[in-house]
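Following: one structure in structure tokens, then a few remarks.
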Amino acid sequence: MARVDKILEKWRNNPPKEAPKERVLSILKRYFSKNYKEKPGSHIVVRDDRLKGMPDYGPDGTFDVPVKGGQKVKGYYLKRLARTIKLLEEMEE
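My numbering numbers the first residue of the sequence shown as 807 and each following residue consecutively.
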């Protein structure tokens, strides 16, 4: 199991209280390539066409990852990101 897979499994099952923004960005870069943007303020907007119209995601397939103090992402959002990645992987099968 790759290091990234271990991190995602941990985030899904027992997320830490928070994680560094840079770690989250590395996960986003791997799974969402160029489909995310850091916005002024403190959040990252992720977009994937496969999420269009699904509950909990925007009508255009977007979701936000708030960044606390510009440096950390809270555990709730880590868990949500990990579950979204798992959902997308299951859709590919």
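Where a beta carbon is used, it is the ideal one built from N, C-alpha and C, also for glycine.
Spatial neighbours of S848 within its chain, please: CB distance less than 8 Å, with the 5 preceding and 5 following residues excluded, ordered by chain position. P872, V873, K874, G875 and G876
Report the option in M897, Y883 and A808 whose CA atom is closest to the CA atom of K858. M897
Roughly how many whole angstroms lie between the Cα atoms of E815 and R886? 12 Å
Quick check on the burial criterion: 16 or more other C-beta atoms within 10 angstroms. Buried or exposed for P826? exposed
Applying the criterion that 16 or more other CB atoms from any shown protein chain within 10 Å of the CB defines a buried residue, is A888 buried or exposed? buried
Applying the criterion that 16 or more other CB atoms from any shown protein chain within 10 Å of the CB defines a buried residue, is E854 buried or exposed? Looking at the sequence itself, residue 854 is Asp, so the reference to Glu does not match. Buried is the call here.
Taking Cβ to Cβ, would you say I850 is nearer than 8 Å to Y842? yes
Give me, in chain order, the residues of the same chain whose beta-carbon lies closer than 6 Å to that of G867; leave out the 5 immediate sequence neighbours on both sides. R853, D854, D855, L857 and K858
Just reading off the alpha helix (DSSP H) that R853 is part of, what are its end residues? It is not in any alpha helix (DSSP H) - R853 instead sits in the beta strand (DSSP E) that spans H849 to R853.
Simplified DSSP assignment, three categories, for K878: strand
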